[in-house]
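Undergrad: Sharing a structure below in structure tokens format, with a few things to ask.
In the working numbering, the protein residues as written are 161 to 317.
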């Protein structure tokens, strides 16, 4: 074996570096394409599962009983002779007047004062607004009752 000169060693080093750099890009591209292929396969599997779910739902809609149930739930339709009930909450449309005042008061402060207050002042517990309509509606004496068919009615004995 003969020893290599310095120029030959540098030339072999550059050749190896060139080969490594030349092979890096195709290997990176190959790895990226494999990852894309795996992601695409996962997407296909997810889409096939979604298609199966939609097919099941489609079969449900071929059942007239299911269609009636959905019409009752989603659209609020009722059968002839039924009595619909709609319970309204009287506090739904009300706004809290004090919250608007608190927001205005916070906006009047400088940013550093508001920041310091948010750290140093403990938050006030939120006050719940009493709902007299709900309280009245949930009293036992105001709930509807169904008469007992076996109990004798007034006038019968």
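Virtual Cβ for every residue (Gly too), placed ideally from N, Cα, C.
No experiment lies behind these values; they were computed from the predicted model shown.
Could you tell me whether any Cβ in chain B is nearer than 8 Å to the Cβ of residue 220?
TA: As a matter of chain content, chain B is missing from the structure shown, which is built from one protein chain.
Undergrad: Out of curiosity, what's the CA-to-CA distance linking residue 270 and residue 277?
TA: The sequence position of residue 270 within the chain shown is 110, counting from 1. The sequence position of residue 277 within the chain shown is 117, counting from 1. Roughly 11 Å separates the two Cα atoms.
Undergrad: In whole angstroms, give me the CA-to-CA distance for residue 206 and residue 212.
TA: Position 46 of the chain shown, counted from the first residue, corresponds to residue 206. Position 52 of the chain shown, counted from the first residue, corresponds to residue 212. Whole-angstrom Cα-Cα distance: 10 Å.
Undergrad: Quick check on the burial criterion: 16 or more other C-beta atoms within 10 angstroms. Buried or exposed for residue 215?
TA: Counting from one through the chain shown, the residue named residue 215 turns up at place 55. By the 10 Å Cβ count, residue 215 comes out exposed.
Undergrad: Taking the C-alpha atoms as reference points, what is the distance between residue 223 and residue 245?
TA: Here residue 223 refers to the residue found at position 63 of the chain shown. Here residue 245 refers to the residue found at position 85 of the chain shown. About 27 Å.
Undergrad: Find out if the Cβ-Cβ distance for the pair residue 233, residue 226 is shorter than 8 Å.
TA: By one-based count along the chain shown, residue 233 stands at place 73. By one-based count along the chain shown, residue 226 stands at place 66. Not closer than 8 Å, so no.
Undergrad: Rounding to the nearest angstrom, what Cα-Cα distance links residue 231 and residue 237 in this structure?
TA: On the chain shown, position 71 is the one that residue 231 refers to. On the chain shown, position 77 is the one that residue 237 refers to. So the two alpha carbons sit approximately 6 Å from each other.
Undergrad: Per DSSP, what kind of secondary structure is residue 191 in: helix, strand or coil?
TA: For this step, residue 191 is matched to residue 31 along the chain shown. Three-state result, residue 191: helix.
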